[in-house]
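Student: In my numbering, the protein residues as written are 73 to 682.
Glycine is no exception: its CB is placed at the ideal position from the N, C-alpha and C atoms.
1) Relative to the alpha-carbon of residue 205, which residue among 215, 251, 157 and 198 has its alpha-carbon at the smallest distance?
2) Excluding the five sequence neighbours on either side, which residues of its own chain have a C-beta within less than 6 Å of the C-beta of residue 656, listed in chain order?
3) Check whether the Cβ atoms of residue 381 and residue 337 lie closer than 9 Å to each other.
4) May I have a chain-ordered list of the beta strand (DSSP E) segments no shorter than 3 residues that lie completely inside the region 367-414?
5) Does the Cβ of residue 443 lie closer than 8 Å to at least one heavy atom of the ligand ADP?
6) With DSSP as the reference, label residue 125 as helix, strand or coil.
7) Please confirm whether residue 351 and residue 328 have their CB atoms less than 9 Å apart.
8) For residue 553, which residues in the same chain have their Cβ closer than 7 Å to its Cβ, ignoring the five residues on either side in sequence?
9) To test your reading of the DSSP string, which unbroken beta strand (DSSP E) runs of 3 or more residues are found completely within the region 481-555?
10) Among 142, 106, 151 and 665, which has the Cα closest to the Cα of residue 124?
11) For the region 305-321 against the region 447-454, do three or more pairs of beta-carbon atoms, one drawn from each stretch, fall closer than 8 Å, so that the two count as touching?
12) Can you look up residue 664 in the DSSP assignment and give me helix, strand or coil?
13) Let me know if residue 153 comes out buried or exposed under the rule of 16 or more other beta-carbons within 10 Å of its beta-carbon.
14) Tell me the rounded alpha-carbon separation between residue 136 and residue 111.
15) Taking residue 304 as the reference, which of 654, 460, 538 and 489 has the closest Cα?
16) Using DSSP with H/G/I as helix, E/B as strand and the rest coil, what is residue 193?
17) Does the region 330-350 come into contact with the region 362-371, if we say contact requires no fewer than three beta-carbon pairs (one atom in each stretch) closer than 8 Å?
18) Is residue 465 closer than 9 Å to residue 538 when the C-beta atoms are compared?
19) In terms of residues, what are the limits of the alpha helix (DSSP H) holding residue 100?
20) Quick one: using the 10 Å Cβ neighbour count with 16 as the cut-off for buried, is residue 681 buried or exposed?
21) If residue 392 and residue 577 are in contact, beta carbons under 8 Å, what's the gap, nearest whole angstrom?
22) So within the region 130-154, which uninterrupted beta strand (DSSP E) runs reach at least 3 residues, ignoring any that extend past its ends?
23) Taking the alpha carbon of residue 499 as the reference point, which residue from 183, 266 and 273 has its own alpha carbon closest?
24) Label residue 222 either buried or exposed according to how many other C-beta atoms from any shown protein chain fall within 10 Å of its C-beta, with 16 as the threshold for buried.
25) Checking the sheet assignment: what are the DSSP bridge partners for residue 464?
26) Give the straight-line distance between the Cα atoms of residue 106 and residue 121, rounded to the nearest whole angstrom.
27) Alpha carbon to alpha carbon, how far is residue 589 from residue 678?
28) Here's a check: name, in chain order, each residue in its chain whose Cβ is nearer than 6 Å to the Cβ of residue 521, leaving out the five neighbours to either side.
29) Is residue 175 helix, strand or coil by DSSP?
30) For residue 666, collect the residues of the same chain with a Cβ closer than 6 Å to its Cβ; drop the 5 residues on either side in sequence, then sort them by chain order.
31) In angstroms with no decimal places, state the Cα-to-Cα distance between residue 459 and residue 422.
32) Could you check what DSSP says for residue 77 in three-state terms: helix, strand or coil?
33) Among 253, 228, 275 and 146, whose alpha-carbon lies nearest the alpha-carbon of residue 246?
34) Run through the DSSP bridge pairs and tell me what residue 634 is partnered with.
35) Distance, Cα to Cα, residue 496 vs residue 420?
36) Just how far apart, CA to CA, sit residue 650 and residue 473?
In structure tokens form, the structure reads like this:
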């Protein structure tokens, strides 16, 4: 009897202890500001899952709830998948910051997987998006801290959703970042974002941004975003063309597979002001991936259209496609892909039952704006009065300010990958692209987990032909986040630009430049205030040249001692240039940056605070 009473007493005390120490929402909250909860991180708690635990416990959240994540902190999870709330919009927003591609300072907050208590890697096992969702000012790694990669990060499983990704950095995947498997009538908006190293699986098709596996989107908008170094298909529509898709002012570099993968049934598509560099390069064998790509066994260019099948809801004279003011560059080295495959008589992977390749075919290039059938559709104004193209600008190398090896070493990786992945039995992964010699990337798994920050590339460019590519408002084409001054001007004109693009789509009339609304280009050199300022440890110095000339850019300390040469008497073309200055080896203080161009010299002042 005593034993029974003691056991009962022990159980009662244990229950009281657990009740007292049960985790509550506020255990995971650092600060409350109105409807915003600032969430503690693994840096604060020493344990993962704080974000998803907070969302689980927040059962009485108001409609406008924001989960704010702290810059420089990591939000890791070792369990999943996790389904977001179904009864309200979920907003996960990083601490306030500027453009993710130009700002230094503390890293954006990182969401990723980690290793669980048993030592097993648990990758970021995706969030199931079941209601409206916003992610902003956050970095996402689709994998675990040991370098393990997962298939995807977000699955749109609900219906009638509005999903937005803004100013996010996403890196690594084995398939895609976002997929829509079962959800119907959903809208996806991506803007001001930076995607890289989509290289996690030795499969030709995988490694992109979005896959519409089973259901079409109601609306897709991709705007002012950069896509770097990817193995497979970027935006994959298959046989599920969105009701509306707009790609405006984006940059693609070394995106190996098809950019907008489809069998060609798009009926409301706008592709304008984009810059495509060394992308859409994987070779084609007639019938390759026929269930996902071209039905007539033709190569898949950047744009791929086919005649709609009988019984379609959209008539030929109602299809609307606008393709205008895009820039394209393919390095001559990429020609070796098809040359090597045909010289070595590499068989199509379909010979092992992977797809429906045709016997006797040969590998052919897909480095084309569009195939012959697609071009015929664009040219047939009687049958397709609202399908129009204009002004493909092929002006050579954009002359990026600092490509971080993307145009050299990383290009070699793309070529090697494209050759190895073409035939059957490929087991080779595309190499990751990283900043050479970045000490922060050393150690096991660190090259995967600690992303380059500030971002390694500076894809502002000096090729004036892309600056003057026509288009609306005469802004540089591609992601305008690389040109902050122009981006600020564009934001003021954004609604007007989309109104003009919509009118062009609906009338079949290609819009022309409204150059007068943009500030006149300078007739002399201009040196802008560095940004950010004060800074730690890096900042961006921007200057504008009125003509092609020799340029030197140097940095001096307060005593006049030169501490860095950023541009060493280089010939640069007219236009805006951005140079990143990293002062990690210097102490806090006042520094001066001096630009010499021709016989002109300008000086700026900046402050390093550590």
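Tutor: This is what the structure holds:
1) Taking the first residue of the chain shown as 1, we reach residue 205 at position 133. The residue with the shortest Cα to Cα distance from residue 205 is 157.
2) For the purposes of this step, residue 656 is taken as the residue at position 584 of the chain shown. Closer than 6 Å at Cβ, skipping near neighbours: 609.
3) Position 309 of the chain shown, counted from the first residue, corresponds to residue 381. Position 265 of the chain shown, counted from the first residue, corresponds to residue 337. For residue 381 and residue 337, yes; Cβs fall inside 9 Å.
4) 392-401
5) The ligand ADP is not part of this structure, which contains no ligands at all.
6) Within the chain shown, the letter at position 53 stands for residue 125. Three-state result, residue 125: helix.
7) As a first step, residue 351 must be located in the chain shown, where it is residue number 279. As a first step, residue 328 must be located in the chain shown, where it is residue number 256. Taking 9 Å as the Cβ cut-off, residue 351 and residue 328 qualify as a contacting pair.
8) Position 481 of the chain shown holds residue 553. Taken in chain order, the residues that qualify are 171, 173, 174, 264, 296 and 559.
9) 530-533
10) The residue given as residue 124 occupies position 52 in the chain shown. Looking at the Cα atoms, 151 is the closest of the given residues.
11) no
12) The count along the chain shown starts at 1 and reaches residue 664 at position 592. Strand at residue 664.
13) Sequence index remark: in the chain shown, residue 153 carries index 81 (1-based). Exposed, because fewer than 16 other Cβ atoms sit within 10 Å of the Cβ of residue 153.
14) In the chain shown, counting from the first residue as 1, residue 136 sits at position 64. In the chain shown, counting from the first residue as 1, residue 111 sits at position 39. Their backbone Cα atoms lie some 16 Å apart in a straight line.
15) The residue given as residue 304 occupies position 232 in the chain shown. Residue 304 has its Cα closest to that of 489, out of 654, 460, 538 and 489.
16) What you label residue 193 is simply residue 121 of the chain shown in a count that begins at 1. It is a strand residue.
17) yes
18) Indexing the chain shown from 1 puts residue 538 at position 466. Indexing the chain shown from 1 puts residue 465 at position 393. In contact: residue 538 and residue 465 (Cβ atoms closer than 9 Å).
19) Counted from its first residue, the chain shown places residue 100 at position 28. First-last for residue 100: undefined, no H or E at that position.
20) Start at 1 with the first residue of the chain shown, and residue 681 comes out as number 609. It is exposed - the Cβ of residue 681 has fewer than 16 other Cβ atoms within 10 Å.
21) The residue labelled residue 392 in the question sits at position 320 within the chain shown. The residue labelled residue 577 in the question sits at position 505 within the chain shown. Confirmed, about 5 Å.
22) 138-141 and 146-149
23) As a working mapping, residue 499 is identified with position 427 in the chain shown. The shortest Cα separation from residue 499 among 183, 266 and 273 belongs to 273.
24) By 1-based counting over the chain shown, the position of residue 222 is 150. Its Cβ being crowded by 16 or more others within 10 Å, residue 222 is buried.
25) For this step, residue 464 is matched to residue 392 along the chain shown. Paired residues: 398.
26) Stepping through the chain shown from its first residue, residue 106 is reached at position 34. Stepping through the chain shown from its first residue, residue 121 is reached at position 49. Rounded to the nearest angstrom, the two C-alpha atoms are 23 Å apart.
27) What you label residue 589 is simply residue 517 of the chain shown in a count that begins at 1. What you label residue 678 is simply residue 606 of the chain shown in a count that begins at 1. Summary for residue 589: the model assigns pLDDT 36, below 50, so the residue's position carries little reliability; its value from the coordinates is reported in the next sentence. Near 31 Å, if we compare the C-alpha coordinates of residue 678 and residue 589.
28) Position 449 of the chain shown holds residue 521. Contacts found: 217.
29) The residue you call residue 175 lines up with position 103 of the chain shown. Coil.
30) As a first step, residue 666 is located in the chain shown; it is residue number 594 there, counting from the start. 626 and 675.
31) Along the chain shown, one-based indexing puts residue 459 at 387. Along the chain shown, one-based indexing puts residue 422 at 350. Looking at the two C-alpha atoms, the distance is approximately 33 Å.
32) Sequence index remark: in the chain shown, residue 77 carries index 5 (1-based). Caution is warranted here: a pLDDT of 40 is assigned to residue 77, below 50, making its placement in the model unreliable, and the coordinate value is therefore given only provisionally. In this structure, residue 77 counts as helix in the three-state DSSP scheme.
33) The residue labelled residue 246 in the question sits at position 174 within the chain shown. Minimum Cα distance to residue 246 is reached at 275.
34) The residue you call residue 634 lines up with position 562 of the chain shown. 628.
35) For the purposes of this step, residue 496 is identified with residue 424 of the chain shown, where counting begins at 1. For the purposes of this step, residue 420 is identified with residue 348 of the chain shown, where counting begins at 1. Straight-line Cα distance between these residues: approximately 7 Å.
36) Counted from its first residue, the chain shown places residue 650 at position 578. Counted from its first residue, the chain shown places residue 473 at position 401. Answer to the nearest angstrom: the Cα atoms are 6 Å apart.
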